[in-house]
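Count along the sequence shown from 1, add 11, and you get the number used in my numbering. Beta carbons: idealized from backbone N, C-alpha and C, even for Gly. Fair warning: this is a prediction, and the values are worked out from it, not measured in the lab. One structure below.
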Amino acid sequence: MAKPRLAFLTTKPAKWIVGLLLAIPLLLLLIDVIIELVNPGTRLGPSPGDALVDRLGTWSIRFLYLTLLVSSLARLLKVPVLVQHRRTCGLFAFSYVVLHFTAYLSAILGFDLNTLLGDFSKRPYIIFGMIALVLLIPMAITSTRGWRKRLKLNWKRLHRVIYVIAVLALIHLWLQERSTYTDTVIYGSILVLLFIERIVHSLRQRRTRKNVIPSPS
12 MAKPRLAFLT TKPAKWIVGL LLAIPLLLLL IDVIIELVNP GTRLGPSPGD ALVDRLGTWS
72 IRFLYLTLLV SSLARLLKVP VLVQHRRTCG LFAFSYVVLH FTAYLSAILG FDLNTLLGDF
132 SKRPYIIFGM IALVLLIPMA ITSTRGWRKR LKLNWKRLHR VIYVIAVLAL IHLWLQERST
192 YTDTVIYGSI LVLLFIERIV HSLRQRRTRK NVIPSPS
């Protein structure tokens, strides 16, 4: 049961505030794009298309990992109501991934599907990114309470795919880096910590179940 002082986290205004905060990077990027269109080379550098794709990709992996972080924080801080914002984070992560791919398809490839197919062999990281995007689609569609009731236990099984997607996103990032692997190390370390927290939590749950003494019938 939520503590009174944290009850506001479950309200609609709180959810709207979270949504607005998550939209800020996109709003700032939109402002940069508008300024870039008016004064080329002032905000997105010499390769605006690449800069646009890179920034959307960066926020995609950040929000993807933030979605995983919400559950960990809810447990570590003992504030279970935080989990109610996980869906919002997940949908924003999905939106940024879609925008990331759309920007790549339009700003870099010019919607040339033949070039896209050629990039699969030249740039393997695109394959991992595409697989992650495809896997995110059913998760986004089934994120509602209605789908959760329909799928029951299968809903949890389906949404565990987020761990696979998180790894695919990391590989997608790693294969793009050239001279330095700083970003890969940072996000990889975050992902390892998130996985460790989940393993520890799972082990504690199993231990608790074993220690429960069944009541006499």
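Straight-line Cα distance separating Val94 from Thr21: One Cα belongs to Thr21, the other to Val94, and the distance between them is close to 10 Å.
Mind listing, in chain order, the continuous alpha helix (DSSP H) runs of no fewer than 4 residues lying wholly within the segment 100-139? For the alpha helix (DSSP H) assignment, the uninterrupted runs of no fewer than 4 residues enclosed by the segment 100-139 are, from N- to C-terminal side, 124-133.
Can you tell which of Leu181, Arg98 and Leu120 has the C-alpha that lies nearest to the C-alpha of Ile142? Closest option to Ile142, Cα to Cα, is Leu181.
Counting beta carbon pairs with one atom in the segment 69-79 and one in the segment 123-133, are three or more of them shorter than 8 Å? Too few Cβ pairs lie closer than 8 Å, so no.
So the alpha helix (DSSP H) Gln216 belongs to, where does it begin and stop? Here the alpha helix (DSSP H) through Gln216 covers Thr193 to Asn222.
Would Leu147 and Phe206 qualify as a contact pair, given that the criterion is a beta-carbon distance under 8 Å? Pairing Leu147 with Phe206 gives a Cβ-Cβ distance that is not under 8 Å.
If you draw a straight line from the alpha carbon of Gln187 to that of Tyr136, how long is it in whole angstroms? Going from the Cα of Gln187 to the Cα of Tyr136 covers about 7 Å.
Outcome for Arg171 when other beta-carbon atoms lying within 10 angstroms are tallied against a minimum of 16: Arg171 should be labelled exposed.
Between which residues of its own chain and Thr153 is the CB-CB distance below 7 Å, once the five residues before and five after are set aside? Taking Thr153 as the centre and dropping the five residues before and after it, the same chain places the C-beta of Leu162, Trp166 and Leu169 closer than 7 Å to its C-beta, in chain order.
Below 7 Å CB to CB, which residues in the same chain sit around Glu47 once its five sequence neighbours on both sides are set aside? Around Glu47: Thr53, Arg54, Leu55 and Pro59.
In whole angstroms, what separates the C-alpha of Gly30 from that of Leu39? Straight-line Cα distance between these residues: approximately 15 Å.
Quick one, are the C-beta atoms of His183 and Gly140 less than 8 Å apart? Against a cut-off of 8 Å, the Cβ pair of Gly140 and His183 comes out as a contact.
May I ask you to report which of helix, strand or coil DSSP gives Gly56? Reduced to three states, the DSSP call for Gly56 is coil.
Answer with buried or exposed for Trp70, where buried requires no fewer than 16 other C-beta atoms within 10 angstroms of its C-beta. Answer is buried; the Cβ neighbour count reaches 16.
Does DSSP put Ser83 in a helix, in a strand, or in coil? Note: Ser83 maps to helix in three-state DSSP.
With burial defined as no fewer than 16 other Cβ atoms inside 10 Å of the residue's Cβ, what is the status of Ile35: buried or exposed? Burial is judged here by how many other beta carbons sit within 10 angstroms of a residue's own beta carbon; Ile35 has fewer than 16 and is exposed.
Going along the chain, which residues of its own chain have a beta-carbon closer than 8 Å to the beta-carbon of Phe103, five neighbours each way excluded? Answer for Phe103: Gly30, Leu33, Ala34 and Phe74, listed in chain order.
Quick check on Glu255: does DSSP put it in helix, strand or coil? This structure does not reach residue 255, given that the chain is present from 12 up to 228, and the question cannot be answered.
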